Every structure is written in structure tokens, then in C-alpha cells.
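Have a look at the structure below, then the notes.
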Amino acid sequence: MNKIFALTKKELHSLFSSPVAYIILIVMLSLFNIFFFLSIEQNREVSLRDVFQLMEFMLVFFIPLLTMRLFSEEKSNGTMEFLLTAPLTHTMIVLGKYFSMLIFFTLLIGLTLSYYFIVEYFGEPDPSSILSGYLGIWLEGAFFIAVGLLASSWTANQIIAAMVSYLILFSLYFATSFTQYVSGPAEHFLIQLSTHTHLENFAIGIITPSDIVYYLAGILLCLVLTRLSIDNRLWH
Amino acid sequence: MVKQISKNFGSFQALDEVSFEMNKGDIVGLLGKNGAGKTTLMRILTSFITASSGMVAVDGDDMTKHSVKIRQKIGYLPEKPPLYGDMTVQYYLKFAAEIKSVPKNKRLSQLAKVLEECGLEQVRQKTIATLSKGYKQRVGIAQAIIHEPKLLILDEPTSGLDPMQIQQVLALIKSQRDQRTVLLSTHSLTEIEQVAQRVLLIKSGRIVLDDSLDRLLRNAGATQSQPLTLEQVFVNHHQPQPPVNQGSHASDE
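Protein chains in written order, with the numbering used here: chain A, 50 to 285; chain B, 1295 to 1547.
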């Protein structure tokens, strides 16, 4: 556990010792704030439902920028050899990197919690639906980070890692758009595959085991595949 | 112990049944031309890549079964020092100590020891990206020895350094003699002559020579009117073999 913590700390150190972390925080929070005020202005509702859905769309763009360097940079700098020849298991390396991004993402989402207090000042929001919405967006971000980590483990090129992440995340996000071309089980499969379907429930205050299992299974699958990618040195 | 290690990359055979043993306190020079298989062999010994066949054991532990345990006993400096440019020297070495299981109560003393041993005290607070190549190499060696490994593997540690820096790095390697076994690869034969007690010569993925440096030069010299240098031994092993005589009529055909 100490070694995972050391790796997490090292990743956060790298992130915050460059302007990248601050730029991402400032840009993302600015965009979230604009969406929040526009949504309140237009809907006149004491709800964050639309804000969560806009956040989801923004995460599709933002997470790959955050995760593309995780493994790709180590490979191009030659430091992957350092990590893989140190007395660390590959699972430790994967989890150390994953947790660092999860902490950064939690910080980003945590900084938007003020939205709840703002809508509460103007009306009487349903706290449970806002809390479930936050849980949903956090699970979705955690899933997207796992996808980005996986893509980064496949290549030494950060741009390729980002592009592959975009391809997977857009496919997941827009999966329901393809339902018009199929029917029956395939249609049902695409609806269930879409991240949008599952976040919608959280955003309106419904927490179902199937939605939670969707995100947790997605995270676990990506982390296991990342571990396998490292085991098999797939970037070579 | 390395026993009949082979490594194939597709149809290319990088290593062909390589076997040798190293004893405690040995400084072994691994010689060979570019592409002979030196780096592949070192990467297998550090479990960065796996062998296609054969066995590696350190202190009796099989690499395939106890990879993490063996990596704890090995310090490795790859050809390109694996450094994080955005970290200070001290932060990087602390990180290396943490992931290499140096006990918490020994980390600071161990850090101070390697900073002194590698002559890095003056630059401990400097960002690695701003250091000269010689200092970067020394930071690379410092991370390799911070956990007191029994076996130190150095892949071309003097590559690209100026003569002064080379002497400093060689002195540092020599100072490791009493503490650990060292496997060192380099293109410079004079460097091997300065630090190694034993030479392994690898050619096209096979070990073609494995002898102590003294005996190698003495024996080789005994057949000549004057003693040979390691460079001559190396060249002799890489000279094209004369064609096999096919008989007295061969040239006529």
C-alpha cells in the first residue's frame, strides 16, 4: 500500500509541478460555472440535472487530456524501465497512477460543490438528487479515467493515447445514437452501453444497482486490461 | 546464475543459450559490438523483458517465480538514465527509496549516504532537467544503489560523458566492489581494464569468451611476442574467420 501511495504522490507531484493541472482546473471550472449560470438562468429550476449532463459531455473532452501522459510519457522518457525493474507489482503501478488521477478529478468535482449552496440560497433543492448526481458524475469520471489509463498503456505517443481515448469515450457517450439502425437485443445493448443512459438516472436522483455495477465493472475491466497491457509490454 | 537463456524477437534470435555465473564481489565487464545482445541480456536479468527460454536465478531464487523479490536485490541503470526531469535530485531519490522498500527509518540516512557516495550533495535541491549529463548519470547510479542491492547492473554508464566525468563514474563503480556484485557493459575496453576483474564477450547473442581479465591478457599474450591488450583480444574475436580450406582443388574450380 505504501508503494501505491508513493506512486500516487509522484504522479500528483508531476501534475502540479507543471502548469497543466492549474490550466485544466481553471478552464474546466470556468466552463462548469458558465454552464451552471446559463442553466439556472434559462430553466429557473433549483436543480443541477442539466449541469451534470453538461459536465458529462465536458468530461469526454477533458479526461483524455489528463490521462494521455500517464504511461505514454514514462515510455517515451525511458522511465517505464525504471518502474518495471523496481520491486513493484504491475498492479501497484496501475493503481498508483489511477488513484492520482482520481484524487485530481475528485478535487475538480469537489470545487463545484458550491453550486448546491447557491441553488439552496435561491430555493429548496432536493439534496438527495443533487448528491446522487454528484455520485453519478464522480463514478463516470472514474470510469473515463480508467479508459484513458488503458489507452495510455497501449502507446508511447501521447497524442495517439488521447485519440484512442476520445474514440472509446465518444463511442460510449453516443452509443444510443446508433439505436436507430438496430433493433431488439442489439438496441437494448447499445442503450445499456451508453454512459449517458446511466448518468441520466443519477442526475434525476435515482440510484440503481445496475447503474453502479455498470461503472464499477467498466473501471475494473479497464484496470485489468491495463495491467495485462503492461504485463505484455503491448507498446513495443 | 544465468542458464541457457535464449531470446527471440520474431525470427531474430537476440540471445542464444547464454549461460554464466557471477560470484559475490565480482565486477564483470560485458563486452560486445552494437547489437550483440548486451542490452537484451541486461533487460532479462532485471526482468524488464522475459527470456524465450532458459533460467535466471539470483541467490537461488528463480526469476519467473520470485520476480519482485529478485528485483529487490538488483539495482539497474539502463543505457538512458531513467530520470524525471521535473523532480529535484532529492525528491527523485526519496521516491526511488520508497518504491524500493527502503525502511522508513532508514530512508534519510540512506539518502545522505548515496548523495555523498555519488557526489550529489551540492545539487540535491536542483531540478534534474537542469543538471549536466555527468550529474544525471550519477543520479542514475544513485537510484540504482539506494536500496543496497546485491547485484548492480549498469548498461553503458559512461556513454556520452567527458573524460573527467568518465573517471568519476568509474571510481564510483570501483567503490562498489566490496559491497556488491557488478555487471557492467561498455564499448570502452580501457574502462573494462580499469574496473573489471572478469570479462564476458558476447557475439551475435552467444557468450564467446568468459575469463578473468588477468588470465585473459596473460594467456593471450603468451602466444605472442608481446602481451596483448584487451582491445586486441576483442578485435581477434571479431575478425572474419578465414574460409575453410575445401581441399587443394577448391581454388581451381
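Glycine included, each C-beta is placed from N, C-alpha and C at the ideal position.
Values in this document were obtained by computation on a predicted structure and should not be read as measured data.
- Taken in chain order, the whole beta strand (DSSP E) runs of length 3 or more contained in the stretch 122-161 of chain A number zero.
- Taking C-beta atoms as the reference points, Ser121 of chain A and Ala210 of chain A count as a pair closer than 7 angstroms.
- Looking at the backbone, the Cα of Ser125 of chain A and that of Gln1298 of chain B are separated by about 32 angstroms.
- Per DSSP, the unbroken beta strand (DSSP E) holding Ile1501 of chain B starts and ends at 1500-1506.
- Residue-level contact by beta carbon holds for Ser63 of chain A and chain B, with a gap shorter than 7 angstroms.
- Nearest CB-CB separation between Gly127 of chain A and chain B: below the 7 angstroms threshold.
- Counting every other CB atom within 10 Å of its CB across the protein chains shown gives Phe111 of chain A a total of 16 or more, marking it as buried.
- With its beta carbon at least 7 angstroms from every one in chain A, Val1322 of chain B lies outside the interface.
- If you check each beta-carbon in the stretch 1393-1405 of chain B against every beta-carbon of chain A, the ones closer than 7 angstroms belong to Ile1393, Lys1394, Ser1395.
- For Ser1361 of chain B, the enclosing alpha helix (DSSP H) starts and ends at 1361-1366.
- Excluding sequence positions up to five before and after Ser1479 of chain B, its CB lies within less than 8 angstroms of the CB of Gly1323, Leu1324, Leu1325, Gly1326, Lys1332, Thr1333, Met1336, Leu1448, Asp1449, Glu1450, all in the same chain and listed in chain order.
- Against chain A, a Cβ distance below 8 angstroms from Val1352 of chain B picks out nothing, because the smallest value is about 12 angstroms.
- Closer than 7 angstroms to the CB of Pro1372 of chain B there is at least one CB belonging to chain A.
- Between Phe85 of chain A and Val100 of chain A, the CB-CB gap stays under 7 angstroms.
- Contact between the stretch 241-248 of chain A and the stretch 256-271 of chain A is present, with at least three C-beta pairs closer than 8 angstroms.
- A distance below 7 angstroms separates the beta carbons of Leu1387 of chain B and Ala1436 of chain B.
- The C-alpha of Phe192 of chain A lies about 23 angstroms from the C-alpha of Thr228 of chain A.
- Counting every other CB atom within 10 Å of its CB across the protein chains shown gives Val1489 of chain B a total of 16 or more, marking it as buried.
- Boundaries of the alpha helix (DSSP H) harbouring Ala200 of chain A: 176-202, taken from the DSSP string.
- Neighbours of Ala200 of chain A across chain B, judged by C-beta separation under 7 angstroms, do not exist; the nearest C-beta is about 22 angstroms away.
- For Gln1473 of chain B, the secondary structure class from DSSP, reduced to helix, strand or coil, is coil.
- Collapsing the DSSP output to three states places Gln1298 of chain B in a strand.
- Distance between Leu1455 of chain B and Ala1423 of chain B, taken at the CA atoms: about 16 angstroms.
- Between Ala1308 of chain B and Leu1371 of chain B, the gap from beta carbon to beta carbon reaches 7 angstroms or more.
- For Met117 of chain A, the three-state secondary structure derived from DSSP is coil.
- Closest option to Arg1471 of chain B, judged by alpha-carbon separation, among B:Lys1407, B:Asp1310, B:Gly1319: B:Gly1319.
- Within the stretch 1328-1343 of chain B, the residues whose Cβ lies closer than 9 angstroms to any Cβ of chain A are, in chain order, Arg1337, Thr1340, Ser1341, Phe1342, Ile1343.
- Contacts with chain A (Cβ-Cβ distance below 7 angstroms) from the stretch 1432-1443 of chain B involve no residue at all.
- The three-state reading of DSSP puts Ile1486 of chain B in helix, counting H, G and I together.
- Residues Glu1373, Thr1480, His1481 of the same chain have their beta carbon placed closer than 8 angstroms to that of Ser1453 of chain B, with the five preceding and five following residues left out of the count.
- Within 9 angstroms of the CB of Ala70 of chain A, no CB atom of chain B is found; the nearest one sits about 12 angstroms away.
- For Gln1416 of chain B, the three-state secondary structure derived from DSSP is helix.
- Within a 10 Å sphere around the beta-carbon of Met1381 of chain B sit 16 or more other beta-carbons, which makes this residue buried.
- The beta carbon of Val1408 of chain B is closer than 7 angstroms to those of Leu1387, Ala1436, Ile1439, Ile1440 in its chain, skipping five residues each way along the sequence.
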